[in-house]
Amino acid sequence: MYRFNALRLRWFVVAAICCVAGGSRAAETVPLSSLDLAKMSAGWGEPRANVAVVGKPMSIAGRAFQQGVGTHAPSVMHVQLDGKTRRFTALVGVDDETDGKGTIRFEIYGDGRKLFDSGVVRGGAPAKPVDIGLEGVKRLILIVTATGDGAAYDHANWADAVFQVEGDPPRAVDPSVEPKEILTPKPGPQPHINGPTVHGARSGRPFLYRIPCAGRRPITFSAEGLPEGLTLDPATGIITGRVPGGKGEHMVTLKARNASGADRRPFRLVVGETLALTPPMGWNSWYIHYHRVTEQHMREAADAMVSSGMADYGYQYVNIDDCWMKQRGDQPYRDAQGDLLPNAKFPDIRGMVDYIHSKGLKAGTYISPGPWTCAGYVGSHQHEEADAKQFARWGFDFLKYDWCTYEQVATGAGRERLMKPYRQMGELLKQSERDIVYNLCQYGMGDVWKWGGQVGGNCWRTTGDLGNVAHQRLPGFYPIALSNMRHWQYARPGQWNDPDYILIGYIGDPRRRGGDDAGIPCALSGNEQYTYMSMWCLMAAPLVFSGDMAKLDAFTLNVLCNAEVIEVDQDPLGKQAKIVRQTEEEVVLAKAMEDGSLAVGLFNLGEAEQEMVVPWSELGLAGKQTARDLWRQQDIGDCETAFRARVGRHGVSLVRLRPAK
Ligand code: GLA
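The sequence shown maps to residues -4 to 656 in the working numbering.
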């Protein structure tokens, strides 16, 4: 408070002199440390005036500073200027307290333009000078990121940081995060059949498919060309029976009718060896329930998938993650026959799976090829065949096979060492009497995208856990997506790159013990949630939500359930988007669609709204194109040579381009 008053007094004096002299005001020096530091975020501790984040005097590579701001990456501060601030100067670096540890990066944006980038700064390195002109700038953003190696020891100093001010003093403000706007119009009461137009199944296996269909119930369903052995329940739209014999394609037309109208949709049933001809869609228990998961959670998730309408847009897998088996120490782990014993929270797995199936949905499970799962529960090691059989007996339709402690028992060398356990389970699933979609989880080791298909995988995680990524300037899903994007040429029908789950809406807290397990709002802005879903769909990623199924609010459902956006993901051509452009500020992705159209996402990675432009030359297009905004489900007119859009901070413009008529 004292500092603020002193500052005001100085202003008064300077202003008075200027009035007398009749000239422009002389520049005043305003230290960054005099701003409201409560508005600066920090990855650890609190930003402090004139000392390092730990409270000790500031020093960088042996040089002491009396003045500045000590913070911890990741750290962001938005500063409002009046356009008359002349300069910002500082010396930046890692505080000596870390003893040479810590790697960070300082960035400064002015009205959406990057004005300064320190590059990676390591502990012990001399301070880097910052000296930037700010004439005309209204919004300044000071950022320290953790540079992707985690945020340990990232003690950051903005030493000697001052503004040269001619007009009003700079003011720390909250970032202008846009409200969570619902962009998609509410669907009408008439039926609208959604979901993939192609479906792979293996001859003679049990078949289950609930026709995803929006619209007011009751809806009456029918189908033309349904092969023998399959029956459709007209009231529920659930098709059951056995997959027809032999190999080949069955062209089916699905139909739905209610009091307000009717709809039909082609459905090509491909009987062969390949499952997951489009990326799997569903829900997984991990990021909401963690080790607390119970059978009841799984049943309730199935209920919610139907009652929320998610199932009407194609979500169908209800998947348990880790922690359904016995925990290490809780013996016996298996029965006399060697079959796995679930823990006390799963008293009736068969009943649970039957319940999920009764809703027309599919059930998924999880285990590790190692002796223990990642969370320390029993794994399949040396019981692989028994477990594969047991999963089929229980009725599961999906298996996530997670490397975890396999590391301790792996044999062989190089890629073979990585492929071995996955090939073994892949063979067992191929022999299974059920169609079980196979999800490899080994975090991208040995370029799994190059061989995951060869060992029978339908999708493979390409990175570590999305939920554990240390937050940098951008939320954790960005680094995961940017990494997954690079493997676009390996995705194809039945073989998908998996960048992990969709963590939007309300998500869980791994540290919570007991309680009602209710989710807490995720930290993503509205734009970021649209970006997340758009990236996943353009990347033809499995769409597996892992948030709270009991807290699906209107905004979350709007992001998860836009039929035109999901159609991009589920397109039968099965291409993952190519990277058209990638800089620190923006990414442009383009996905070729079966009908010859192109789905294009323009992603603004910057801190302020910007105009983005993609010329046809970058997209390989020629001639006039009609653009449709997929989030708003609106045609936005013809474009001659390029598509341009204003895209908000961390936002997206997702369009589908077709040659104009
Ligand atoms: C690993 C996986 C996660 C989750 C946990 C469960 O970390 O990558 O997706 O399955 O194990 O322990």
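For each residue, glycine too, the CB sits at the ideal point set by N, CA and C.
Would a C-beta distance cut-off of 7 Å place residue i and residue j closer than the cut-off?
i: residue 251; j: residue 318; result: no
i: residue 371; j: residue 363; result: no
i: residue 550; j: residue 175; result: yes
i: residue 486; j: residue 535; result: yes
i: residue 138; j: residue 468; result: yes
i: residue 623; j: residue 651; result: yes
i: residue 73; j: residue 193; result: no
i: residue 421; j: residue 450; result: yes
i: residue 132; j: residue 26; result: no
i: residue 336; j: residue 329; result: yes
i: residue 125; j: residue 68; result: no
i: residue 386; j: residue 360; result: yes
i: residue 354; j: residue 288; result: no
i: residue 543; j: residue 283; result: yes
i: residue 348; j: residue 390; result: yes
From the options, pick the residue whose C-alpha is nearest to that of residue i; which is it?
i: residue 462; options: 309, 179 and 517; result: 517
i: residue 566; options: 532, 117 and 575; result: 532
i: residue 657; options: 152, 414 and 570; result: Nothing about residue 657 can be reported from this structure: the residues present for the chain run from -4 to 656 only.
i: residue 583; options: 646, 537, 438 and 592; result: 646
i: residue 324; options: 164, 383 and 338; result: 338
i: residue 309; options: 275, 376, 631 and 148; result: 275
i: residue 658; options: 204, 526, 269 and 393; result: Given a span of -4 to 656 for the chain in the structure shown, any question on residue 658 remains unanswerable.
i: residue 59; options: 92, 69 and 78; result: 92
i: residue 245; options: 205, 221, 403 and 632; result: 221
i: residue 286; options: 507, 311 and 110; result: 507
i: residue 63; options: 234, 322 and 52; result: 52
i: residue 189; options: 559, 263 and 543; result: 559
i: residue 182; options: 165, 117 and 304; result: 304
i: residue 272; options: 170, 216, 162 and 448; result: 448
i: residue 629; options: 609, 612, 557 and 636; result: 557
i: residue 553; options: 322, 575, 545 and 499; result: 499
i: residue 351; options: 376, 295, 368 and 320; result: 295
Does DSSP put residue i in a helix, in a strand, or in coil?
i: residue 201; result: strand
i: residue 532; result: helix
i: residue 634; result: strand
i: residue 94; result: coil
i: residue 651; result: strand
i: residue 357; result: strand
i: residue 599; result: strand
i: residue 219; result: strand
i: residue 645; result: coil
i: residue 124; result: strand
i: residue 564; result: helix
i: residue 416; result: helix
i: residue 227; result: strand
i: residue 620; result: strand
i: residue 235; result: strand
i: residue 84; result: strand
i: residue 53; result: strand
i: residue 482; result: coil
i: residue 440; result: coil
Taking all protein chains shown into account, decide if residue i is buried (16 or more other Cβ within 10 angstroms of its Cβ) or exposed.
i: residue 17; result: Unreliable placement is indicated for residue 17, whose pLDDT of 40 sits below 50; no coordinate value is reported for it.
i: residue 100; result: buried
i: residue 108; result: exposed
i: residue 213; result: exposed
i: residue 648; result: buried
i: residue 297; result: buried
i: residue 230; result: exposed
i: residue 638; result: buried
i: residue 42; result: buried
i: residue 0; result: Bear in mind that a pLDDT of 42 at residue 0, under 50, signals an unreliable position, so the number given afterwards is only what the model happens to contain. Label assigned to residue 0: exposed.
i: residue 115; result: exposed
i: residue 523; result: buried
i: residue 35; result: buried
i: residue 140; result: buried
i: residue 513; result: exposed
i: residue 640; result: buried
i: residue 239; result: buried
What whole-angstrom Cβ distance do residue i and residue j have, given they're in contact under 8 Å?
i: residue 172; j: residue 520; result: 5 Å
i: residue 154; j: residue 87; result: 7 Å
i: residue 496; j: residue 452; result: With a Cβ gap of about 17 Å, residue 496 and residue 452 do not count as contacting.
i: residue 210; j: residue 186; result: 4 Å
i: residue 306; j: residue 356; result: 6 Å
i: residue 541; j: residue 278; result: 7 Å
i: residue 218; j: residue 178; result: Contact flag wrong, Cβ pair sits at about 33 Å.
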